[in-house]
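What follows is one structure encoded as structure tokens, with my remarks underneath.
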């Protein structure tokens, strides 16, 4: 690895030599490939750029991570939004030094996507990274992050990730291996698998996110015994938090230092702070609570962090309002049953549009449709669109929900024109979502606006 | 009287949308004017003795072992099979209905429930993808069984049972056959869930459970999905 260091003014100083030259060559080649991908209309080019770079210099990711302060975010759902929250919080903390932050804001979160984002901003010495669940162990090893946020763990794309426990084990092993050199982990206390994975970390800040999805945790990851769970209870004006514990060993929900309370967050100092986020959804308050805890580890005060998070509007196009085939639409992305459980209650228009596909990026197995409570849509009309609209139509007919099938995305939006006051709500799986962003003219990458010059003074430690 | 359909240990055996099989069976009865209820029973709670259908779905290794232990202790599933109630297992649920299956990287052999004369061992590679089979003894449109399979075990049917179907596209049991039937006990690999995609199979289970033939229940959405899936596999 090429040695790098941060000098007193926060400037990156990189060593020269053959390793550096190789990385530079790889970066140039990567940029050309990304340009080719963009002009041919195949995508933002982020992953291609990273792929070419890493083919020419397999050590590129390690070199690019070196010398930066790294904050990483992983989990099944909410990675992209939480990464945007955290980056915004850190920028707010850095003030005039906000340009020192680099982030893979487009959601390209595998080795290639991360390398690509870092390669584009070589002088940004703070990296806020969304990291795919499978890449966490590598980023820990290569990037030695100061903070690792572990959001949640649920079934996702079982055609590829056969057993979610194996992924949790890879996190746990990596954290155990790093010992005292490891990151401070910010972890969701409500998820048994996350708690089990995070326990070996040198320090954990537990967050009570008030999440409600529990379909994926029946057995203790430590000893295999059954877990018991009590749901949160409303007692007058306050809520008695839920709790889970193992019936066979000492694994149990740890007491949280940061917690969600309604639409407020209680920080480590016990301050109850209003969130007032622009991004909707209860689950995003949980995501913000995790980002807030991570920002505080970095040295950003909760109040400042939240002021930054309030500027986040449409992370990588999620929740963006646009016009598709002449019809105003609000776009929501959901990739698995836990995600749909969160987003479906936010889709309140009648009619509404649901877009489904099942290619590799969506997960090829659509059986999860039967784990989503589509019955809640009874009384409204759903326009089923996308290549696998027929699978959704069968699910909806058994749920007793009125629907029609219009495979073509544009035609689906033309069919609902004028039927809704304001934008029609849309929930989509990954692949149709990218096409909807294109049809609506929403850039797939949401770059932070107006960055000051890199290397400015000041900001948080 | 209401027909009772039990989702057995949904939290352990339900990772592939398997609750959908319960939804489909209940809806297909309700729409014919027959009362039906779906009961979700979790480990630690006794299984009802008087249900007509018991459904077991997909799960991971650890869940399989726990389910076998709890169901053996409970005993109601064995008594149900004995009195001719329908027991329908999918994927991991199919495997645990058998005599033996294996878990873990070292392929440790575990006893199953012994309700199907099959044995499951780790296959040469994991079977993941769309599967299309032909149901034995059926012809025309309803012979086609379509679904999605995702399993590492290959299953060998013994003399005490007969395979449910023959594989056209996909892996199934691994020997060209798919699933197993032994009296009123059924095992199969495709999910999707399988009864949503294969209404004739759903009605077959209900007719066994009720002991009477059922009226046809046309659902054009299901026909379209079946045609689409077959076409996608070149049939």
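Protein chains in written order, with the numbering used here: chain A, 1 to 461; chain B, 462 to 696. We put the CB at the ideal spot given by N, CA and C, even for glycine.
| Query | Result |
| --- | --- |
| Any C-beta of chain B under 8 Å from that of residue 393/A | yes |
| Start-to-end residues for the alpha helix (DSSP H) that takes in residue 112/A | 111 to 120 |
| Of the listed residues 417/A, 123/A, 339/A, 181/A, nearest to residue 153/A (C-alpha basis) | 339/A |
| Range of the contiguous beta strand (DSSP E) that encloses residue 484/B | Element bounds for residue 484/B: not the beta strand (DSSP E) but the alpha helix (DSSP H), 480 to 491. |
| Meets three-Cβ-pair contact criterion under 8 Å: the region 642 to 652 of chain B and the region 600 to 613 of chain B | yes |
| C-alpha distance - residue 490/B paired with residue 521/B, whole-angstrom precision | 31 Å |
| The region 567 to 578 of chain B in contact with the region 591 to 599 of chain B per 3-pair CB rule at 8 Å | no |
| Opening and closing residue of the beta strand (DSSP E) in which residue 130/A lies | 126 to 130 |
| At least three beta-carbon pairs within less than 8 Å, the region 384 to 396 of chain A to the region 681 to 695 of chain B | yes |
| Proximal residues, the region 357 to 388 of chain A versus chain B, C-beta separation under 8 Å | 364, 365, 366, 367, 368, 369, 370, 371 |
| Contact under 8 Å by Cβ, residue 302/A with residue 331/A | no |
| Segment contact, 8 Å Cβ cut-off, at least three pairs: the region 106 to 118 of chain A with the region 336 to 351 of chain A | no |
| contact_flag[the region 356 to 363 of chain A, the region 400 to 415 of chain A] where n(CB pairs < 8 Å) is 3 or more | no |
| Helix, strand or coil at residue 659/B [DSSP, three-state] | coil |
| Where the region 664 to 688 of chain B meets chain A: residues whose CB sits under 7 Å from a CB there | 680, 682, 683, 685, 686 |
| Chain A within 8 Å of residue 639/B, Cβ atoms only | no |
| Alpha-carbon to alpha-carbon, residue 321/A and residue 465/A | For residue 465/A there is no data in the structure shown, the boundaries of chain A being 1 and 461. |
| Pair within 8 Å by beta-carbon distance, residue 289/A and residue 260/A | yes |
| Nearest to residue 599/B (by Cα), restricted to the options 665/B, 511/B, 559/B | 665/B |
| DSSP state of residue 681/B mapped onto helix, strand, coil | helix |
| Interface flag, residue 224/A vs chain B, CB-CB below 8 Å | yes |
| The region 21 to 33 of chain A: positions lying closer than 7 Å to chain B by Cβ | none |
| Any C-beta of chain A under 8 Å from that of residue 480/B | yes |
| Residue-level contact to chain B via CB, residue 252/A, 8 Å cutoff | no |
| Min CB distance residue 219/A to chain B below 8 Å | yes |
| Distance, residue 101/A Cα to residue 10/A Cα | For residue 10/A, the predicted model reports a pLDDT of 37, less than 50, meaning its position is unreliable; a value from the coordinates is still stated below. Going from the Cα of residue 10/A to the Cα of residue 101/A covers about 12 Å. |
| Uninterrupted alpha helix (DSSP H) stretches inside the region 602 to 672 of chain B (no shorter than 4 residues) | 655 to 658, 660 to 671 |
| Cα-Cα separation, residue 562/B to residue 641/B | 15 Å |
| Interface flag, residue 74/A vs chain B, CB-CB below 8 Å | no |
| Near-chain B residues of the region 319 to 346 of chain A - C-beta to any C-beta below 9 Å | 337 |
| Where the region 646 to 664 of chain B meets chain A: residues whose CB sits under 8 Å from a CB there | 652, 653, 654, 657, 658 |
| Rounded separation between residue 694/B and residue 614/B - CA only | 23 Å |
| Chain A contacts made by the region 524 to 549 of chain B, where a contact means CB separation under 8 Å | 524, 526, 527 |
| Continuous alpha helix (DSSP H) stretch holding residue 462/B: start and end | It is not in any alpha helix (DSSP H) - residue 462/B carries neither H nor E in the DSSP assignment. |
| Buried or exposed (CB count within 10 angstroms, at least 16 for buried), residue 471/A | With chain A covering only 1 through 461, there is no way to say anything about residue 471/A. |
| Cβ-based burial, residue 233/A [other Cβ within 10 Å; buried from 16] | exposed |
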